[in-house]
Amino acid sequence: MRRLYGICRRAPAFKVIIAALLAGLFSGLIGAMRLGGGAVLIIYLTLFTDTPQLEAQGINLLFFIPIAAAAVTVYAVKKQIKWKMTLKITLWGLIGVIIGMYFARILGGELTAKVFGGLLVIIGISEIFTKSEKRVAKRKNGCYNKKE
808 MRRLYGICRR APAFKVIIAA LLAGLFSGLI GAMRLGGGAV LIIYLTLFTD TPQLEAQGIN
868 LLFFIPIAAA AVTVYAVKKQ IKWKMTLKIT LWGLIGVIIG MYFARILGGE LTAKVFGGLL
928 VIIGISEIFT KSEKRVAKRK NGCYNKKE
């Protein structure tokens, strides 16, 4: 099925470059606000470059890895990482990755795209109705407010 928005097939090169630069800029701005700039990248890749959904998500993860490594380095130097908690979260995350890969293969690209879109809508709605004090309340060291 041909995408309606796939501008890259028929647009001049400068328009493609401008669209990519704008997507990168917008993704970076959204990411800097900690709102998930990778979602913008996935939307750009699937709608404007006709990249299949699963491939777009893989590209997003490929970009995420070096950025995450840099962030971990910065936080580790500042001694702001609880390593025992990180290990637990990582193990559960890997289990989630394996389950997610299994379902992504079963569902295929088109249904995975719809599930991804649905998740974005749910997250957006929850952000609207979540009290901002809960999201913004932070301690001095930047962690979310929680008694230790």
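Under the numbering used here, the residues of the sequence shown are numbered 808 to 955, in order. Glycine included, every Cβ here is placed at the ideal spot set by N, Cα and C.
1) Please go through the same chain and pick out, in chain order, the residues whose beta-carbon is closer than 8 Å to the beta-carbon of isoleucine 825, but skip the five residues on each side of it.
2) If you measure between the beta carbons of leucine 861 and glycine 924, is that distance less than 8 Å?
3) Using 8 Å as the threshold, is the region 859-877 in touch with the region 885-897, meaning 3 or more CB pairs across them?
4) Between Leu894, Ala827 and Phe910, which has its C-alpha nearest isoleucine 850's C-alpha?
5) So for methionine 959, helix, strand or coil by DSSP?
6) So is serine 933 buried or exposed if we call it buried at 16+ other beta carbons inside 10 Å?
7) Under the three-state reduction of DSSP, which class applies to methionine 840: helix, strand or coil?
The structure says:
1) Hits under 8 Å: none found.
2) no
3) With the cut-off at 8 Å, the region 859-877 and the region 885-897 do not touch.
4) Ala827
5) Residue 959 is absent from the structure shown; the chain starts at 808 and stops at 955.
6) exposed
7) DSSP, read as helix, strand or coil, puts methionine 840 in coil.
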